[in-house]
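What follows is a single structure, written as structure tokens, with notes after it.
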Amino acid sequence: MEFHEHRRATAWMRTAPGVTAARAEAPQLGGEEVPDDGCGAGPTSLEPGRLHRRVSGVDPQAVAVTDAELAALGDPMAVLFFRRGVFPMTVQELLAGLPQPPGGLPNAVYLIGEAGQVPLNASPSPFRDFRFAITRTALQGNDVDLLISTGAGDDPATTFLQVAAWDPDAGVFNYYSRIDPSWVWSGDSWAALAEGSRGRGCFDSHINGSVVMKELALPWSNWQSQAATINLPADSPVRADPLFAQVVGAENLELTVRALVGRWTAARLAAVTRTGTVERPDHLLRQLFTTTSVNLASSAVQSAAVTPAGRDFPLPVGFWLNGDALINDLALPVTASVPLAPADLYLAALTTFGFRLQERASGFTRPGDTFFAFVVPEAAFEDNDVIRRMVEGGLLPAKFAACALMVDFGNPVFSADRARLMAYVPTGPTPAAGLAEEVARAITEAAGTLPAGSPEARFAADWALPDADWPQAFADRIDTYLGHVSARIGTRAGFEDYVRLAESRRRDFRAMRLNEFDLTLPATDIPADAPRLAMLEDATVAPAP
Amino acid sequence: MTKLPSYNPPGHLTDLDGAGLKAWDTFISDSVDRAAQGPDPSEVLNDSPRSQYYNLTRTDTDADATEATVTWTAFPRTIKLTSLGDLQRWKRADASRDVQDEYCEWSVTRGTDGKITKVTFTCEGPEYWSLLAQTDPAAVLALYRQFVDPGVQHGDLFAVDGTYNPRNRWNDSTSHGAMHLVQRNNTLGAEIELAAAATIVRVIDGEELTTEQQLVQCSMYGQAERNSDPHIGGSVNAIARQKADIALADPVGLYFNDLSTDGWAAPDGSDPKDYWTYVRGDADHPVRAVYEVPQERGFTVGDITINGKPIQFGAQITDFITIRLTAVACRFGRSTTEPKTACVQFIQPTPAAASGLAAEAVPTLRLTAPPSSVSRR
């Protein structure tokens, strides 16, 4: 199936009713249902040879940009193409129009497809939906400043073609789509944060304004990588695509995306703290207290290669806690080992819970888990990067960030307890100096009137720890917690609890706009209306508050 | 249709004399032949012969030949999967050469303030050094003095009887030099054997095996937990499934593919890639690299940041290094070799038997005993 050019790499055009229902039931995921008005031009046709603008939620329809607006765009697409009146209509034309430096800076081409590991003889066959992501340095030194997304093996003139392009002067990504017969500017990184356009159009996935690679880390599920080669038939049109010969492993894209996310985060923080007053502290601190986005993590084990007598294997650390923030960035001296899942319990759970891959639009179904076992949402790198850089830049004390993340730390994503603390974050201009202390003071004051088990009281108790003691105290709690996990995961009841917890979090993910393809996650027999679950600090699982 | 006259040394290195070059060619050629033959069917079932694997010096490479490059990350995957966080994994990987098992090993030099001043990386297989030590011990000593430390003495490297010790004091740690690979699985013999074993196409219960982990499990080549071995095997097998014949490209070896510096920043705004230098091997086949900032810059490696974090471990750099090997494939669609319909089975399936068998699969160098063995799990 070819992609509709108005969408990005998405299957929403054929989304089954169940997904809409899941979104309607979404807990704390941004509240209102945002109309899907796409990255396109809206109800208008475009004029050839002109760049248009349409920021979803702001512009009802596309309009041609003015000369002044075009001059203000400083990214490679604007500088090398649009300002010169050049409008490449295919990815090949786009790449050919970029500077070809001596010796050649090659494109880095990546391939992704959620059905890339489904046997070629599957019947009915799932939609293959292969896409290329292409990174390229166009304007500046060795730094990637262009990220292109397009259909693979489809007609290049009609498949979607979208670009995130870095503007080094403005310090933003600009987002563009080719909408025949021209191009549309869909906004920049700031538009992702602005009230009118947040969560709309392209910013339903570029939620905080940066580029996105959902399956960011090893084993880079669904991507062609050093961990897995996408299975293509000999006569696949993807193979015939000239870009296919340039495909490299997604392990390289991870490095690029982390750097690109960091580039925007650094530019953003510099901008919002420049005057010493933060206009919207809530825009920053929601990335500490809430789950604005997620990445998808999994074990590195191929599900079909697990045997009952096989080795125990680690589930993703991000399932147990926000290790990236707490251990890597805040350097808590945790010493526990990674909990290991017994292979026999994992296999038994696949049967017990009816794990299967299922694509409603095609009718494809196959028993078992996703290709890499145990896919779950984990804390988003783009959230953690903001937290880390706020700490490193002095906007937040490390202790404040740690106290926030230690509230309900066994639930690194979709924590209602942690999200509740957003109520104490100012929404208006606030001096950067003392921002964290102001929030901590408000939480601590509230804690005085609330039960000891409330999120406010837990934060306040941690905040009261001496500065010299909190890192070890928090590490001890995590070590104890992971010790409990390691004990419980070896029992059938414990492992099944964790399977139910994982499915609960997957259900929350399905309610997000990031959820594009049925085959991203496994389906199970766990009822869609089963209570949401949460991890407790003793490593037991209970209904979520 | 052409045959290669002889196998060249890794990276087209120029250390070997005429006799050494001939011995090297013989070693690689014999290794390839033995790997293509596979293990004795009376001891191992379903693993021989490897008819789609060929010797470039004995069999023509046809006009439809294409090269396939396989790359992987230098940071050890096993350490990554069993560590709780970056700090823990970087420390573990920097602690011992024995865990640096992705065909890349390194040694870190620090200043008096503890900051890193230089990291040296090697992907040179040990076999070449064993041969060089036999043909020209003085060259070995000179190279150690040139690349590791001017104070290296003959007795540091060689026993009284003249036997070269690959794990000598200048090549056995992560802080006192790394001249060539010493981790037990990081051998060219392993690479050759793995590539050969991976050419066997397997159809089990009517389903063709295509994934890296299933192939490793069934064909029992390499180490399943590494980045490298399953990926090499999977890539080679994907070509074999196209009914092509496959060889490792000359010069057979493991090479640095690249250092990515996405997200890196130097304190003076200079390009961090400028401090990455290849110091052995030809331009297309580098086998030794150094990351070091010239003194006149006024800062050191430890002042460079990666995504905002200063470089405190050599392992941080290996997250960004890729290693590669290159295969040649030709006669696409023409192989008549039938897939195996069963997995590898050892007749005496004890670990000791398996290990011994694997070691025998590697021909000895004409002038010395093999320094390591091929890993068969």
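Taken in sequence, the protein lines are chains A and B.
Numbering-wise, the first sequence is residues 379 to 923 according to the numbering used here.
Numbering-wise, the second sequence is residues 107 to 483 according to the numbering used here.
Where a beta carbon is used, it is the ideal one built from N, C-alpha and C, also for glycine.
Within chain A, partners of residue i - CB distance below 8 Å
i, result
"G414(B)", "G640, A644, R766, R767, E770"
"F426(B)", "L633"
"Q348(B)", "A612"
Limits of the beta strand (DSSP E) - the one that residue i falls within
i, result
"T513(A)", "509 to 514"
"D566(A)", "560 to 566"
"R394(B)", "394 to 398"
"A920(A)", "919 to 921"
"I352(B)", "351 to 354"
"P905(A)", "Segment: none, P905(A) is in no beta strand (DSSP E) and carries neither H nor E."
"A486(A)", "486 to 490"
"I557(A)", "550 to 557"
"F895(A)", "Neither: F895(A) is in no beta strand (DSSP E) and is coded neither H nor E."
"T729(A)", "Note, T729(A): premise wrong, no beta strand (DSSP E); alpha helix (DSSP H) at 721 to 730."
Secondary structure of residue i, DSSP reduced to three states
i, result
"N292(B)", "coil"
"T411(B)", "strand"
"P502(A)", "coil"
"E314(B)", "strand"
"L525(A)", "strand"
"M913(A)", "strand"
"K221(B)", "coil"
"I856(A)", "helix"
"V258(B)", "coil"
"S614(A)", "coil"
"L539(A)", "strand"
"D264(B)", "First, the amino acid is wrong: residue 264(B) is Phe here, not Asp. Residue state, collapsed to three classes: strand."
"F405(B)", "coil"
"A675(A)", "strand"
"S325(B)", "helix"
"V441(A)", "strand"
"Y384(B)", "strand"
"W598(A)", "coil"
"F759(A)", "helix"
"C580(A)", "helix"
"H661(A)", "helix"
"P111(B)", "coil"
Range of the contiguous alpha helix (DSSP H) that encloses residue i
i, result
"R216(B)", "Element bounds for R216(B): not the alpha helix (DSSP H) but the beta strand (DSSP E), 211 to 216."
"V695(A)", "695 to 698"
"R819(A)", "813 to 825"
"P745(A)", "Taken as a continuous stretch (DSSP letters only), P745(A) belongs to no alpha helix (DSSP H), being part of the beta strand (DSSP E) at 742 to 745."
Within chain A, the residues that residue i reaches when beta carbons sit closer than 9 Å
i, result
"Q320(B)", "Q680, A682, A683"
"L151(B)", "Neighbours of L151(B) on chain A: none; closest Cβ ~19 Å, over 9 Å."
Among the options, nearest to residue i - alpha-carbon criterion
i, options, result
"K109(B)", "L127(B), N161(B), R140(B)", "N161(B)"
"R646(A)", "L662(A), D445(A), T634(A)", "L662(A)"
"I222(B)", "P416(B), V266(B), V322(B)", "P416(B)"
"T634(A)", "A569(A), L524(A), Q680(A)", "L524(A)"
"P804(A)", "A820(A), A906(A), S793(A), A570(A)", "A820(A)"
"E444(B)", "V322(B), P155(B), A248(B)", "P155(B)"
"A687(A)", "V679(A), R664(A), P720(A)", "P720(A)"
Neighbouring residues, chain B, relative to residue i (Cβ below 7 Å)
i, result
"N706(A)", "G191, D192, L193"
"A865(A)", "The premise fails here: A865(A) is roughly 17 Å from chain B at the closest Cβ pair, so nothing lies under 7 Å."
"R636(A)", "G369, N413"
Residue-chain proximity (residue i, chain D), Cβ-Cβ < 7 Å
i, result
"A355(B)", "Structure shown: chain D not included; protein chains present are A and B."
Proximal residues of chain A, C-beta to C-beta of residue i below 7 Å
i, result
"Q401(B)", "The premise fails here: Q401(B) is roughly 23 Å from chain A at the closest Cβ pair, so nothing lies under 7 Å."
"S366(B)", "N630, L633"
"L187(B)", "A678, P692"
"A344(B)", "T607"
Amino acids of chain B, ordered along the chain, whose beta-carbon sits closer than 8 Å to that of residue i
i, result
"A714(A)", "L190"
"N520(A)", "T367, D377, K379"
"Q495(A)", "T317"
"V695(A)", "L190, G191"
Per-residue contacts from residue i into chain B (C-beta, under 9 Å)
i, result
"G549(A)", "Those do not exist, as G549(A) stays about 15 Å from chain B at its closest Cβ, beyond 9 Å."
To be precise: take each residue of the segment 716 to 733 of chain A, compare its Cβ to all Cβ atoms of chain B, and keep it if any distance is under 8 Å. Which residues remain? V716
Using a beta-carbon distance cut-off of less than 7 Å, what residues from the segment 158 to 181 of chain B approach chain A? Taking 7 Å as the Cβ-Cβ cut-off against chain A, the residues of the segment 158 to 181 of chain B that qualify are T177, W178, T179.
Please list the residues of the segment 315 to 340 of chain B that have a C-beta atom closer than 9 Å to any C-beta atom in chain A, keeping them in chain order. T316, T317, E318, Q319, Q320, V322, Q323, A330, E331, N333, S334, P336, H337, G340
Using a Cβ-Cβ cut-off of less than 7 Å, list which residues of the segment 370 to 389 of chain B approach chain A; keep chain order. D377, K379
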